[in-house]
Structure formats: structure tokens, C-alpha cells
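If you read the sequence shown in the UniProt record's numbering, its first letter stands for residue 1, the second for the next number, and so on.
Beta carbons are placed, not taken as given, at the ideal position from N, Cα and C, and that holds for glycine.
It should be emphasised that the depicted structure is a prediction, and the values quoted were computed from it without experimental measurement.
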Amino acid sequence: MKDIIHKVLNILLPVTSIISAVFVVPPFLLFKLVFSLLRRTCLIEDVAGKVVVITGASSGIGEHVAYEYAKRGACLVLVARREDRLRIVADKAKQLGSPDVLVVKADVSNAANCKNFVDQTILHFHKLDHLVNNAGIAPVCMFEDYEDVSDYKSVMDVNFWGSVYSTQFAIPHLKQSRGKIIVISSNAGWYSCPRLSIYGATKAALISFFETLRVKVGSEIGITIVTPGLVDSEITDTEFMSKVSSPILWIKNTLNLKTNFVPLESVEGCAHAIVNGTRRGARFMMEPAWLKPLFYWKIFCPELLEWFARLVLVTWPSEPGKTKRS
């Protein structure tokens, strides 16, 4: 009987889905367009005086997100392992307009550390409005070249569990303020990048977790998931980009280039887009925006995208006259 039910569903559901899509999708897309225009003009959140916690704030995207919030008058809680760097970021944030900045040294892979910086935030500011889960690390290596995969558990501990721990302790306070969670994932979370397999897996886990959490919390807490790609930050320096993509290294060596020639989005531009998107209540953001077509290629032509990824990221010569083996 169960097999018969499944056979009937296999026939009925695709047909009914297509028919319903014809009637539902056009008005829904129109509604989304109108609502998007309203958000861009009338529904932009004023973050002046609001309390924003940013993990991984000592450099890169986290640092510049702090500056963008500071320019808009937000109070900041800067979290990272490098306290000396946090002090420098805090000083600049104050110069840019943040009325109060709290620095907390913490390792987000440690649950007790995460509880501590949330507790310190409430003790100091008595509220929490935005949580920016940004801390992350990105090892670059072909999967079969790992000597011991278990050595890379720390990547999951920082990239995934760090955000989960922070969110767990912040949620009660975010519900009180009807605040927001900003998740800095990565394009590697949905685009297959061979040399970033473990990193990409942690970022895919982030996307899945926070999309599920969004269903749970509903309108109580806004959740913005950001997938940065080619952004010019500390994590994507010339050496990193050369390791990730063989043609980058091949062209660099062939032309004897000394600097990174990849069209990276500036970290300032990325941070600016993230904060403005968050203020507008964006659910999902891709930076730089010109990478969006890749997402549709993945949906409709995954085989072509996989072929291209293998050509560009695996089999291209890593040095003139040599071929990189996968």
C-alpha cells in the first residue's frame, strides 16, 4: 500500500506543483519586487545607539563591518583572539562615530568564551541588537593531500560551532530586542571548490543551520545570510588565491606578476553592502553581486559548472609546462 501511495505522489506532485507555480509564482514575485522597493526606500533600519556584537572583528570583513556600523552610530562589541588588533579597530571605530566600543578577547570555538562575551555585552550595554557571526578560518588543500583529516576539526569548530555557540547564548537577548543575526558564510558553501572542500562543508553547514533557525524563530529575529566570494581581505591574499586556483598561479608565473590581478571586491565595499543589506532586512546576500549567475548555473546546469570548476580549479597547469594532478 505504501508503495502505491508513493507511486501516485510521484505522478501527482510534479504536475500539481507546475500548475500551482503558474498561478502562485507571478504574483509572489510581484509582491517581492514591491516589498523590496519599499525596504530600499522606507524600511531601512536606523542602527544608531544599537548594540552590535561582531566576531572575527580584528581584520578583514569583520573589521570593516565594525567601521560601517560605527559610521552609523552603533555601539560595538568586538570579539577576536588578537586583542592588540581589536584595540586598534576599536580606536578607529570610535573616531568614525561609535559612541562606545567594548573589546573582548575570545576564541569562538570555545563555548564558555562565547557565553562570556555575550554576558559581558549584556552587563555593559544591558541589551543586544545585532549579532554578526563572522569568525572563520580557511585551510587550502586537495582532499587527498590531507595527511590526517582529523587535524582539521578546528575548521568546523571555528566556522560552524563558533557561530552556533554565539547564537545559542545571544538568542534570548535578540528575541527581547527583536534583533538580527548576520551570518558570514561563503560562496564555497554552495559552489564546489576542490581545494576548499572542508572549508566549503563548514560554510554549507552554516547556511543549512541558519535557514532552519529562520523557520524556527520566524519574525522574532531577522536572519541575514551572506555568502562573500572574491573579496580582497586578509583571508584572500595572493598566496591564498594562488593555492585555490591553478590558473591564477599559472598566469601569475607566466607573466611574472608580483601582485594579485584577480577582480576582487574591496573589503570596504563588501562590508558596506552587508550592513546596508542587513538594515533593509535582506534574507540572503551574495557578494560581489556579479557572482549570482553562478548560482543559477548550478541549479539548471550543474554538470557544466562542475566541468568548469574541475578545469579551472583542478587540472589547469600550476606552473608553465606542468600539469597539476588532482
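In three-state terms, what does DSSP make of residue 201? Residue numbering aside, residue 201 sits at position 201 when the sequence shown is read from its first letter. In this structure, residue 201 counts as helix in the three-state DSSP scheme.
Can you tell me where the alpha helix (DSSP H) holding residue 302 begins and where it ends?
Position 302 of the sequence shown, counted from the first residue, corresponds to residue 302. Element bounds for residue 302: 302 to 310.
Should residue 129 and residue 50 be called a contact, given that it needs their Cβ atoms to be closer than 7 Å? For the purposes of this step, residue 129 is taken as residue 129 along the sequence shown, with counting starting at 1. For the purposes of this step, residue 50 is taken as residue 50 along the sequence shown, with counting starting at 1. Their beta carbons are under 7 Å apart, which means residue 129 touches residue 50 by this criterion.
C-alpha distance - residue 145 paired with residue 312, whole-angstrom precision: Against the sequence shown, residue 145 aligns to sequence position 145. Against the sequence shown, residue 312 aligns to sequence position 312. Looking at the two C-alpha atoms, the distance is approximately 19 Å.
Q. Which of the three DSSP states, helix, strand or coil, is assigned to residue 241?
A. In the sequence shown, counting from the first residue as 1, residue 241 sits at position 241. Confidence at residue 241 is low in this model, with a pLDDT of 49, below 50, so the placement of that residue is unreliable and no value is reported for it.
Handout entry: Contact check, residue 223 vs residue 181, beta carbons under 7 Å
Key = For the purposes of this step, residue 223 is taken as the residue at position 223 of the sequence shown. For the purposes of this step, residue 181 is taken as the residue at position 181 of the sequence shown. Cβ distance < 7 Å, so residue 223 and residue 181 count as in contact.
ask   = Near residue 267, which residues of its chain fall below 7 Å by C-beta distance, leaving aside the five closest residues on each side in sequence?
value = Counting from one through the sequence shown, the residue named residue 267 turns up at place 267. Taken in chain order, the residues that qualify are 60, 61, 64, 231, 232, 233.
Alpha carbon to alpha carbon, what distance is there between residue 24 and residue 13?
In the sequence shown, the residue the question calls residue 13 occupies position 13. In the sequence shown, the residue the question calls residue 24 occupies position 24. Rounded to whole angstroms, residue 13 to residue 24 spans 15 Å at the Cα level.
So, residue 166 versus residue 133, is the Cβ gap smaller than 7 Å?
For the purposes of this step, residue 166 is taken as the residue at position 166 of the sequence shown. For the purposes of this step, residue 133 is taken as the residue at position 133 of the sequence shown. For residue 166 and residue 133, yes; Cβs fall inside 7 Å.
Could you tell me the distance, in whole angstroms, from the CA atom of residue 90 to the CA atom of residue 54? On the sequence shown, position 90 is the one that residue 90 refers to. On the sequence shown, position 54 is the one that residue 54 refers to. Approximately 12 Å between the Cα atoms of the pair.
- Just the C-alpha distance for residue 272 and residue 289, rounded to the nearest angstrom, thanks. On the sequence shown, position 272 is the one that residue 272 refers to. On the sequence shown, position 289 is the one that residue 289 refers to. Going by the C-alpha atoms only, they are around 13 Å apart.
Closest by CA to residue 174, which one among 71, 85, 221? For the purposes of this step, residue 174 is taken as residue 174 along the sequence shown, with counting starting at 1. Ranking the options by Cα distance to residue 174, first place goes to 221.
Alpha helix (DSSP H) containing residue 61: first to last residue? For this step, residue 61 is matched to residue 61 along the sequence shown. Per DSSP, residue 61 belongs to the alpha helix (DSSP H) from 60 to 71.
Let's see if you can read the secondary structure: which residues bound the beta strand (DSSP E) around residue 80?
What you label residue 80 is simply residue 80 of the sequence shown in a count that begins at 1. That run of the beta strand (DSSP E) goes 75 to 80.
Could you check if residue 153 is buried or exposed, using at least 16 other CB atoms within 10 Å of its CB as the buried criterion? Working through the sequence shown from its first residue, we reach residue 153 at position 153. Burial call: exposed.
When burial is assigned at 16 or more other CB atoms within 10 Å of the CB, is residue 193 buried or exposed? As a working note, residue 193 is residue 193 in the sequence shown. Looking at its Cβ environment, which holds 16 or more other Cβ atoms inside 10 Å, residue 193 is buried.
Using only alpha-carbon positions, find the residue among 76, 56, 40 that is nearest to residue 48. Residue mapping note: residue 48 aligns to position 48 of the sequence shown, counting from 1. Ranking the options by Cα distance to residue 48, first place goes to 76.
Around the C-beta of residue 69, are 16 or more other C-beta atoms found within 10 angstroms, so that it is buried, or is it exposed? Within the sequence shown, the letter at position 69 stands for residue 69. The residue is buried, with at least 16 neighbouring Cβ atoms inside 10 Å.
- Message: Going by DSSP in three states, residue 100 sits in which element: helix, strand or coil?
- Response: Working through the sequence shown from its first residue, we reach residue 100 at position 100. Of the three classes helix, strand and coil, the one that applies to residue 100 here is coil, per DSSP.
Check your understanding: With which residues is residue 44 paired in a DSSP beta bridge?
Key -> For this step, residue 44 is matched to residue 44 along the sequence shown. None; residue 44 has no bridge partner.
Fill in: Among 205, 56, 172, 124, the one whose alpha carbon lies nearest that of residue 161
The count along the sequence shown starts at 1 and reaches residue 161 at position 161. Closest by alpha carbon: 205.
Shorter than 7 Å from the beta carbon of residue 311 to some beta carbon of chain D?
-> Of the protein chains in this structure there is only one, and it is not chain D.
* To do: Would you kindly work out how many angstroms separate the C-alpha atoms of residue 211 and residue 284, rounded to a whole number?
  => Taking the sequence shown and counting its residues from 1, one reaches residue 211 at position 211. Taking the sequence shown and counting its residues from 1, one reaches residue 284 at position 284. Using only the alpha carbons, I get a separation of about 10 Å.
Skipping 5 residues on each side, what residues in its chain have a beta carbon closer than 6 Å to that of residue 342?
The first residue shown for the chain is 1 and the last is 326, placing residue 342 beyond what the model contains.
### Backbone CA spacing between residue 188 and residue 85 [nearest angstrom]
For the purposes of this step, residue 188 is taken as residue 188 along the sequence shown, with counting starting at 1. For the purposes of this step, residue 85 is taken as residue 85 along the sequence shown, with counting starting at 1. Whole-angstrom Cα-Cα distance: 27 Å.
Host beta strand (DSSP E) of residue 268 (start-end): Position 268 of the sequence shown, counted from the first residue, corresponds to residue 268. From DSSP, residue 268 is part of no beta strand (DSSP E) but of the alpha helix (DSSP H) over 267 to 279.
- When the Cα atoms are used, what is the spatial distance from residue 242 to residue 208? Here residue 242 corresponds to residue number 242 of the sequence shown, with the count starting at 1. Here residue 208 corresponds to residue number 208 of the sequence shown, with the count starting at 1. The pLDDT assigned to residue 242 is 48, lower than 50, so where the model puts this residue is not dependable; a value taken from the coordinates is nonetheless given after this. Cα to Cα, residue 242 sits roughly 29 Å from residue 208.
* Asked: According to the neighbour-count rule (16 or more other Cβ atoms, all chains shown, within 10 Å of its Cβ), is residue 179 buried or exposed?
  -> Taking the sequence shown and counting its residues from 1, one reaches residue 179 at position 179. Counting Cβ neighbours within 10 Å, residue 179 comes out buried, since at least 16 surround it.
To the nearest angstrom, how far is the alpha carbon of residue 302 from that of residue 11?
As a position in the sequence shown, residue 302 is number 302, starting the count at 1. As a position in the sequence shown, residue 11 is number 11, starting the count at 1. Whole-angstrom Cα-Cα distance: 25 Å.
Just reading off the alpha helix (DSSP H) that residue 162 is part of, what are its end residues?
-> Taking the first residue of the sequence shown as position 1, residue 162 is located at position 162. That run of the alpha helix (DSSP H) goes 162 to 177.
Practice task
Could you work out which residue in 118, 74, 108 is closest to residue 93 when comparing CA atoms only?
Solution key: Looking up residue 93 in the sequence shown gives position 93. Residue 74 is the option with its Cα nearest to residue 93.
Exercise for the section: Could you check what DSSP says for residue 14 in three-state terms: helix, strand or coil? Expected result: Within the sequence shown, numbered from 1, the residue matching residue 14 stands at position 14. In this structure, residue 14 counts as helix in the three-state DSSP scheme.
Report task. Have a look at the DSSP bridge pairing and note the partners of residue 184. Result -> Along the sequence shown, read from residue 1 onward, the residue named residue 184 stands at position 184. According to DSSP, residue 184 bridges with 226.
Where does residue 265 land, buried or exposed, given buried means 16+ other C-beta within 10 angstroms? Indexing the sequence shown from 1 puts residue 265 at position 265. Residue 265 comes out buried.
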